[in-house]
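Chains as they are written, first to last, in my numbering: chain A, 1 to 395; chain B, 1 to 196; chain C, 1 to 240.
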Amino acid sequence: MRKALALAAGLLALAQPCLAEEGYSLPAYTAAYEPRTVDERGLWMDADDYEKLWAGSPTRINDKELNDYVRRVLCQTVGRDRCASVRIYILDIPAFNASMTANGAMSVWSGLLLRVRSEAELGAVLGHEFAHFELRHSLKGFQNRRTTSDVMAWIEVLGSIAQRDVRDAQLSLIGSAYRFDRQQEKDADLLGLRYLGASSYPSRAASEVWQHLMEEADATAAGRKIRRQQRYQAGFFDTHPTELSRADYLLAEAMKIGDTGDAGAKSHYAAIAGQLPRFLASQTKLNDFAGTEYILSGIAATTGWTGELLQARADMFATRANPRDLITATTLYLNAIDAGYRRPETLRGLGLSLIKSGQREEGARYLSEYLEAVPGAPDAKLISFYLPQPTGNPK
Amino acid sequence: MRKIAIAGWLLFATVTPASAHKLIEPGPVIGIAKGSFSATATSTWNRLQQKEGKFQEIWTIDGDHLNRVIFLGGVPDGEPLLTERDKKRDPLPKFAAQMLLPDIPVLFERTYRSYYGTPVVEVGAMEPVTFAGEQGIRFEYGYTDTQDEVERRGEAFAVVRNKQLFMIAFEAPKLYYFERDVGSFHALARSVKLAR
Amino acid sequence: MDKVCRVFALFLFACCATAASAQEKTGIKQGFELKPGTARILLLEPSVRVGAQSTGGLFEPNADWTAQSKQNIERELVAIQGRLGNAIDRHELDATDSSADLRRYHALFGAVADSVIEYQFFPGNRLPSKKKDKRLFEWSVGPGLRALPALDGYDYILVIRTKDAFGSTGRKLLQFAAAMGGIGVQSGEHVGMAGLIDVRSGDLVWLNADLKMGGDVRTAEGANKRVRQLLEGFPGRGAE
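In structure tokens form, the structure reads like this:
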């Protein structure tokens with residue numbers, strides 16, 4: 001705690017004396033940095049490799065609207081000078097992560113877009129990543145780690161944040177490209193906060209990101225009946241400040257900046273609306289009932305229980321299939337339809353739930369409508385099997 | 001996971017130089033997957049000594065990296081298809097006796113996503129078929145195993161009987177091996193019977 | 001049991017077995033021979049993976065170790081390229097479409113080599129269907145290989161893969177092995193393979209595979225040792 005205060009004091013000493021609502025003014029930014037030493041060149045070569053992998057990845061989301069949105073938020077956070085040369089890659093991976101290479105390429109995972117609740121929160125994370133880049137952390141980190149024998153894989157850190165093992169070999173390598181030490185993470189947090197302070201976004205958003213992640217982790221743990229440990233001090237194997245201390249000092253700093261502003265919650269969900277069903281489908285497949293429920297509630301807090309959210313919730317209950325879940329799933333599918341959401345997956349889910357509940361005729365009617373909507377669906381032959389057959393009843 | 005690994009070593013430590021895998025020659029085979037299935041092999045297979053769960057039996061021609069047939073015999077209500085690596089932190093989805101055939105590919109996909117940690121398991125075409133004399137499902141799938149980065153194709157047949165799940169699946173690398181060996185698998189699948 | 005765990009467990013078994021037969025490390029297709037100066041060989045960019053072994057037994061890649069090791073190994077390959085008895089060209093694997101196919105074959109070769117190691121090289125683990133003729137070495141990535149435009153004009157491709165996992169699980173294995181009778185086992189896994197594939201048929205004509213590779217590839221000396229081991233006995237290599 002004392003360290004955090006000391007750091008905060010140090011930061012304040014660096015900042016401009018005026019702490020009005022305009023926030024900090026940032027130092028001049030010199031773009032077009034060229035690598036000079038052998039180490040740096042090595043890093044930039046690796047960065048080029050990673051960028052190629054992102055660019056060619058089958059998980060890459062090319063949707064123009066979504067890419068424009070993420071770029072807009074980045075630029076609004078760090079300013080036009082800084083965001084001009086950044087290349088952004090959005091990857092369809094259902095976990096919370098963003099990273100930036102030494103040569104200015106940034107990756108953002110879909111799990112992140114699903115979890116942040118406003119433009120400001122998205123900006124907080126992107127700003128943090130950009131801060132590593134501006135502070136040239138990757139170089140320092142690389143030099144340090146060559147002599148360290150005990151290194152923890154990024155993947156475990158990521159797993160502990162997202163409560164999920166993300167084991168894809170190539171992609172985890174991408175995610176772990178630039179691990180930083182504890183101090184670097186803190187420095188990036190604080191510089192990220194300065195960006196927010198200078199932007200139109202409220203800097204409180206940075207702390208809120210971590211609060212929500214902790215709550216999601218709590219929910220997942222509770223759902224699995226595990227006790228979640230909120231360590232205040234980073235453990236021996238942590239290279240990040242633990243979530244709790246992070247949320248704390250980020251909030252303390254934000255209060256000092258004292259800025260307010262429109263976080264852009266509604267506009268965030270409007271911007272990701274086109275991809276939301278896809279993100280939700282990937283999330284529900286992770287088999288994390290309680291964590292997913294938490295995420296859905298978080299989104300509903302801003303948008304209300306829209307059809308997409310009801311669909312996702314219904315799917316969760318339908319696949320968990322505990323004794324009372326069938327009734328809940330059926331009700332939720334019906335609610336989705338009432339909310340004006342009548343997609344093929346809604347009809348299919350409702351139809352199957354009704355059949356499982358013993359309401360064969362009702363169920364068959366919805367499945368019929370499903371087949372009319374998507375006659376070429378991969379499971380069309382299978383679903384038609386549950387419709388009344390001319391020659392006899394289905395099993 | 002460690003438990004399985006240790007058991008594996010002990011097995012290797014005590015096994016005699018004779019192979020622990022069993023030769024399956026063309027002809028009738030009984031007692032597959034703890035007595036759940038019988039079948040007729042039309043070509044030579046090997047039954048592997050190792051497995052990923054108590055309901056499972058694995059056959060191969062050249063080694064399970066290159067072609068493998070998985071038998072799942074009688075998974076009961078509330079059980080996962082494979083042994084969970086960590087029951088609390090990494091649970092697998094469970095089979096529910098009330099599941100309908102369209103639920104089976106979803107169960108399978110979610111099991112593989114968790115068990116192999118692969119972010120993408122694509123389930124393709126599916127259709128009702130007669131399997132082991134019962135009304136069942138056939139479906140196709142594909143995934144990339146993150147441990148060896150090989151893209152694999154798969155085809156499975158499944159049936160629910162007496163509130164239990166019975167399944168047979170064939171997996172092989174998309175390149176060369178799947179198409180080369182799927183015929184042998186089809187012949188095997190056609191001959192499968194559930195033990196009474 | 002995880003495939004990687006199994007392969008390592010095999011190694012343990014091989015250590016413990018008192019059988020007279022040595023641990024096989026090289027396989028050659030029956031009747032294959034390669035005279036120096038007669039073939040054009042394409043060396044694909046090697047696959048180098050370095051990381052830690054998680055408690056769950058899965059491989060957790062480490063970007064820094066991998067980057068360092070790859071650099072070292074590439075340097076050694078450049079040095080040794082001219083001493084392999086035949087003209088060797090080097091092919092980069094980038095993110096373009098044509099490289100995607102080569103990457104798939106690279107990965108498939110890895111799976112084939114894994115199978116050879118696990119189910120042929122170890123007498124105690126051989127598949128019974130492969131036991132009949134010990135000289136048989138019939139492994140392939142299939143005839144589709146020759147269709148790749150990048151391989152036009154080449155007779156063989158040389159594929160190299162290494163995987164090094166450092167970690168606490170290795171120490172536990174060490175304890176177990178020690179308990180079984182005082183055998184010294186290197187902690188972690190260090191697997192490497194070098195294979196020569198006939199472009200026309202896709203057949204694996206030569207394979208050098210080792211589950212206990214020497215050298216810490218994160219260092220220059222270690223990479224030197226590793227590459228030398230991998231290309232030991234490379235066919236067509238004239239006297240040096």
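The beta carbon of each residue, even a glycine, is placed where N, CA and C say it ideally should be.
Exercise for the section: Please confirm if R180(B) has its CB atom under 8 Å from at least one CB of chain A. Expected result: no
Exercise for the section: State whether the stretch 363 to 383 of chain A contacts the stretch 92 to 103 of chain B, with contact taken as three or more CB pairs (one from each stretch) at a distance under 8 Å. Expected result: yes
Handout entry: Three-state secondary structure (DSSP) of F109(C)
Key = helix
Handout entry: Within chain C, the residues that Y112(B) reaches when beta carbons sit closer than 9 Å
Key = Near Y112(B) there are no residues of chain C at all, since even the closest Cβ is about 14 Å away, more than 9 Å.
Handout entry: Residue span of the alpha helix (DSSP H) that contains F185(B), given as start and end
Key = Y177 to S191
Practice task
Enumerate in chain order the residues of its own chain whose CB-to-CB distance from P91(B) is below 7 Å, with the five nearest sequence positions on each side excluded.
Solution key: E84
Handout entry: Completely contained alpha helix (DSSP H) runs for the stretch 293 to 366 of chain A, where each covers 4 or more residues
Key = 307 to 320, 325 to 338 and 344 to 356
Handout entry: Under 8 Å from the C-beta of D114(C): neighbouring residues of chain B
Key = G63, H65 and D148
Handout entry: K381(A) in three-state terms, based on DSSP
Key = helix
Problem - Cross-chain neighbours of G110(C) in chain B, by beta carbon under 9 Å - result: H65, D148, E149 and V150
Problem - Beta-carbon neighbours of T44(B), restricted to chain C and to distances below 8 Å - result: S129
Exercise for the section: Evaluate contact between the stretch 196 to 206 of chain A and the stretch 112 to 122 of chain A, counting only Cβ atoms and requiring at least three cross-stretch pairs below 8 Å. Expected result: yes
Exercise for the section: Specify, as a first and last residue, the run of the beta strand (DSSP E) that R224(A) falls within. Expected result: Element bounds for R224(A): n/a, residue is neither H nor E.
Practice task
Answer with yes or no whether the minimum CB distance from A189(B) to chain A is below 8 Å.
Solution key: no
Problem - Any C-beta of chain A under 8 Å from that of Q164(B) - result: no
Practice task
Please say whether Q30(C) and L136(C) have beta carbons closer to each other than 8 Å?
Solution key: yes
Problem - Through-space distance from R146(C) to A95(A), alpha-carbon basis - result: 40 Å
Exercise for the section: If I'm right that A329(A) touches A318(A) with Cβ under 8 Å, what's the distance once you round it to whole angstroms? Expected result: 4 Å
Problem - is_contact[G182(C), chain B] using C-beta, thresh 8 Å - result: Confidence at G182(C) is low in this model, with a pLDDT of 45, below 50, so the placement of that residue should be treated as unreliable; the coordinate-derived value is given next. Judged by the 8 Å Cβ criterion, G182(C) is not in contact with chain B.
Exercise for the section: Mark R83(C) as exposed unless 16 or more other C-beta atoms lie within 10 angstroms of its C-beta, in which case mark it buried. Expected result: exposed
Exercise for the section: Can you grab the Cα-Cα spacing for the pair A125(B) / G154(B), in whole Å? Expected result: 11 Å
Problem - Continuous beta strand (DSSP E) stretch holding G142(B): start and end - result: E134 to T144
Exercise for the section: Quick one: using the 10 Å Cβ neighbour count with 16 as the cut-off for buried, is D181(B) buried or exposed? Expected result: buried
Handout entry: Three-pair Cβ contact test at 8 Å for the stretch 143 to 160 of chain C versus the stretch 51 to 68 of chain B
Key = no
Handout entry: Same chain, Cβ closer than 7 Å to A290(A), five either side skipped, listed in chain order
Key = A219, T220, A222 and G223
Practice task
Give a yes or no on whether 8 Å exceeds the smallest Cβ distance from A107(C) to chain B.
Solution key: yes
Practice task
Apply the 10 Å Cβ neighbour rule to S389(A) and answer buried if 16 or more other Cβ atoms are within range, or exposed otherwise.
Solution key: Correcting the residue type first, residue 389(A) is Gln in the shown sequence and not Ser. Flag for Q389(A) reads exposed.
Handout entry: Alpha carbon of P28(B) to alpha carbon of Q311(A), nearest angstrom
Key = 48 Å
Problem - Residue nearest to L66(B) in terms of C-alpha spacing, selected from D210(C), I41(C) and S140(C) - result: S140(C)
Practice task
Compute the Euclidean distance between the alpha carbons of S36(B) and Y141(B), then round it to the nearest angstrom.
Solution key: 24 Å
Practice task
Look up Q81(C) in the DSSP assignment and give the residues it is bridged to.
Solution key: Looking at the DSSP assignment, Q81(C) forms no beta bridge with any residue, so it has no partner.
Exercise for the section: Kindly say whether G192(C), judged by its beta-carbon, lies nearer than 8 Å to any beta-carbon of chain B. Expected result: no
Exercise for the section: Locate the alpha helix (DSSP H) running through Y119(C), then write down its first and last residues. Expected result: From DSSP, Y119(C) is part of no alpha helix (DSSP H); its letter is neither H nor E.
Exercise for the section: Tell me, please, whether the CB atom of D218(A) is closer than 8 Å to any CB atom in chain B? Expected result: no
Practice task
Ignore the nearest five residues each way along the sequence and tell me which others in Q283(A)'s own chain have a CB closer than 8 Å to its CB.
Solution key: P94, G111, L114, T292, I295 and A312
Handout entry: Short Cβ contact (8 Å threshold) for G233(C) with T38(C)
Key = no
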